[in-house]
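Structure first, then comments.
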Amino acid sequence: MMRKLGTIVVLCSMAIAMPVFCSIAEDPKEVEQWFHDLTTKADQKVTKLHFYFQDLRGITTTMVAQSNTSLTSPTFFGLTYMVDDPLTVGPSQASKVVGRAQGLYGSSSKEDMRLFMAIDIVFTDGTYNGSTLTVLGSNPITQTKRELPVIGGTGVFRLARGVALLNTYFFNAALGNATVEYTVIVQHY
0 MMRKLGTIVV
10 LCSMAIAMPV
20 FCSIAEDPKE
30 VEQWFHDLTT
40 KADQKVTKLH
50 FYFQDLRGIT
60 TTMVAQSNTS
70 LTSPTFFGLT
80 YMVDDPLTVG
90 PSQASKVVGR
100 AQGLYGSSSK
110 EDMRLFMAID
120 IVFTDGTYNG
130 STLTVLGSNP
140 ITQTKRELPV
150 IGGTGVFRLA
160 RGVALLNTYF
170 FNAALGNATV
180 EYTVIVQHY
């Protein structure tokens with residue numbers, strides 16, 4: 000009983016201490032003040048990030064919807080996947096994980112291989128731990144290099160805007176697995 004009580008005390012202490020270590024305002028009044036301060040002393044920053052998106056069909060990516068013609072369509076139109084893909088420092092799946100790509104993508108064109116992507120890049124390590132960036136747009140996956148918009152962010156990346164430059168590093172069509180290199184450049188405050 001005392002051991003459980005000790006564990007509860009430690010966990011509660013950690014929960015209470017977390018706001019002290021987090022420098023980003025979350026309370027509505029603090030966020031309002033943050034926006035007010037932004038207008039008077041805003042220094043915009045540019046941050047460049049580099050990581051690899053590890054898309055593993057059936058492991059970190061699951062089909063959630065399809066139309067009655069998706070599997071016979073040359074572009075798999077309507078096929079939709081929910082993802083929780085690891086983001087790694089290097090191209091190897093064994094590389095250090097620095098975040099997760101969480102969201103969905105689906106085949107959105109009847110004419111070419113194109114995915115509509117709505118993905119939150121959730122950082123789980125280092126300076127950006129707990130912060131997110133949102134990528135939303137059309138991804139022409141047959142092109143080796145492509146660009147998607149970054150439309151926002153949270154935490155360190157509040158009010159972020161920028162681009163995610165994608166480069167297919169590896170693709171296995173039989174398994175549906177892919178490793179995609181991401182270079183993300185964002186402006187934020």
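Start counting the sequence shown at 0; every next residue gets the next number (numbering that gives the first Met the number 0). Heads up, the beta-carbon is just placed ideally off N, CA and C, and yes, glycines get one too.
Go to residue i, then tell me how far its beta strand (DSSP E) extends in each direction, as first and last residue.
{"i": "residue 136", "result": "131–138"}
{"i": "residue 106", "result": "96–106"}
{"i": "residue 177", "result": "176–187"}
Leaving out the 5 sequence neighbours to the left and right, which residues in its chain are closer than 7 Å to residue i when beta-carbon positions are compared?
{"i": "residue 153", "result": "130, 131"}
{"i": "residue 125", "result": "97"}
Taking the CB atoms as reference points, tell me whether residue i and residue j lie closer together than 9 Å.
{"i": "residue 158", "j": "residue 37", "result": "yes"}
{"i": "residue 97", "j": "residue 86", "result": "yes"}
{"i": "residue 83", "j": "residue 99", "result": "yes"}
{"i": "residue 168", "j": "residue 90", "result": "yes"}
{"i": "residue 135", "j": "residue 120", "result": "no"}
{"i": "residue 189", "j": "residue 156", "result": "In the structure displayed, the chain extends from 0 to 188; residue 189 sits before or after that span and is not available."}
Near residue i, what residues of its chain come up, given a Cβ to Cβ distance below 6 Å and the 5 sequence neighbours on each side ignored?
{"i": "residue 175", "result": "56"}
{"i": "residue 139", "result": "113, 145"}
{"i": "residue 133", "result": "119, 150, 151"}
{"i": "residue 148", "result": "136"}
Hey, residue i and residue j are a contact pair by Cβ (cut 8 Å); roughly how many whole angstroms apart?
{"i": "residue 46", "j": "residue 187", "result": "7 Å"}
{"i": "residue 122", "j": "residue 88", "result": "So it is not a contact: roughly 12 Å between Cβ atoms."}
{"i": "residue 72", "j": "residue 109", "result": "7 Å"}
For the candidate residues the options, whose alpha-carbon lies nearest to that of residue i?
{"i": "residue 64", "options": "106, 78, 51", "result": "78"}
{"i": "residue 179", "options": "53, 26, 31, 30", "result": "53"}
{"i": "residue 141", "options": "71, 165, 101", "result": "165"}
{"i": "residue 143", "options": "177, 107, 117", "result": "177"}
{"i": "residue 184", "options": "35, 104, 161", "result": "161"}
In chain order, what residues of the same chain lie with their CB nearer than 8 Å to the CB of residue i, ignoring the 5 residues before and after it?
{"i": "residue 42", "result": "188"}
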